[in-house]
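Under my numbering, think of the first position of the sequence shown as 1339, with each following residue one higher.
Contents: one structure, followed by commentary.
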Amino acid sequence: MSSAPESTSTQFTLWAVFRRDPAKPVTATDDTELAALVELIEAGGVTIRGFYDVSGLRADADLMVWMHGPVAEDLQRDLRRLRRTDLLQDLLPVWNAMGVHRDAEFNRSHVPGFLRGEHAREWLTVYPFVRSYEWYLLPEEERRAMLADHGRKGAAYTNVVANTVASFALGDYEWLLPMEADELSDLVDMMRALRYTEARRHVREEVPFFTGRLVPTSAIAEILS
1339 MSSAPESTST
1349 QFTLWAVFRR
1359 DPAKPVTATD
1369 DTELAALVEL
1379 IEAGGVTIRG
1389 FYDVSGLRAD
1399 ADLMVWMHGP
1409 VAEDLQRDLR
1419 RLRRTDLLQD
1429 LLPVWNAMGV
1439 HRDAEFNRSH
1449 VPGFLRGEHA
1459 REWLTVYPFV
1469 RSYEWYLLPE
1479 EERRAMLADH
1489 GRKGAAYTNV
1499 VANTVASFAL
1509 GDYEWLLPME
1519 ADELSDLVDM
1529 MRALRYTEAR
1539 RHVREEVPFF
1549 TGRLVPTSAI
1559 AEILS
């Protein structure tokens, strides 16, 4: 799972969340097939940022995978390949979301951490975001001021890696906000602090949250058992 800087001209990214099927317990215990497929996928140009243990944080989810690459249909194809492995084939889909790197409204120079060579951190939280209907019709100066305040508060959390991507027309959301940190409490503290901003008045939707710990493929069988 590479952390080298990648071209940011067009980079799509995909999250898929799964849960165990009570009617079909996972019996596979060997990750050899899955680990080999991950290597094959990455050799073909798609990066698997990581697998995440989301069990316990929600009642409806157990495992999340994060992948990215320059071609959207390659992500679709490789997700299907992952789902056909012995370890994952009996899991039920819970949530999927695709995004693409575009200028972020809060900072046009923002490049997601996963595209500028930041290594995957121990913890990830990802959630969707939809602005109010009025937001995009506000004077630009007013929006800029609110976003600057929002950005200053977020920048104080230097241990958190932001990975904001656009998702207009790719699903039901406008933006996807994946945040990474080695300490789970850093994500909690930052998300709480960002509630105290004027920009919060222009939020229409920002759920569900999926949060999990980065795990190797060798840990997946135990998570799903």
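Glycine included, each C-beta is placed from N, C-alpha and C at the ideal position.
With 16 or more other Cβ atoms inside 10 Å of its own Cβ, Asp1416 counts as buried.
When DSSP assignments are scanned along the region 1381-1414, no uninterrupted stretch of alpha helix (DSSP H) that is 4 or more residues long falls wholly within it. Beta bridge pairing from DSSP links Thr1463 with Met1517 and Thr1549. Contact annotation: the region 1512-1525 touches the region 1493-1501, with at least three C-beta pairs closer than 8 Å.
Within the same chain, Cβ atoms closer than 8 Å to the Cβ of Thr1535 are found at Met1484, Asp1487, His1488 and Lys1491, the five residues on either side in sequence being excluded. In the displayed model, Ala1500 falls within a strand according to three-state DSSP. No residue range can be given for Arg1440, since it is assigned to no beta strand (DSSP E) and is classified by DSSP as neither H nor E. Residue nearest to Gly1383 within the set Arg1551, Val1432 and Glu1411 is Glu1411 (criterion: CA-CA distance). Put simply, of Pro1554, Ala1557, Gly1550 and Ala1559 the residue whose alpha carbon is nearest the alpha carbon of Ala1354 is Gly1550.
Our two residues, Thr1423 and Ala1361, have alpha carbons roughly 18 Å apart in a direct line. The DSSP-derived three-state label of Leu1426 is coil. Annotation for Arg1542: the continuous beta strand (DSSP E) segment containing it runs Val1541 to Glu1543. Here the alpha carbon of Phe1452 sits roughly 22 Å from the alpha carbon of Leu1532.
In the DSSP assignment, Val1449 falls outside any beta strand (DSSP E) and carries neither an H nor an E.
In the DSSP secondary-structure assignment, Trp1353 is bridged to Trp1404 and Ala1435. The C-beta of Pro1554 has fewer than 16 other C-beta atoms within 10 Å across all chains shown, which makes the residue exposed. In the three-state DSSP reduction, Arg1358 falls in the coil class, being neither helix nor strand. By the criterion of a C-beta distance shorter than 8 Å, Ala1559 is surrounded in its chain by Val1364, Ala1366, Thr1367, Asp1368, Asp1369 and Leu1425, once the five residues flanking it on both sides are discounted.
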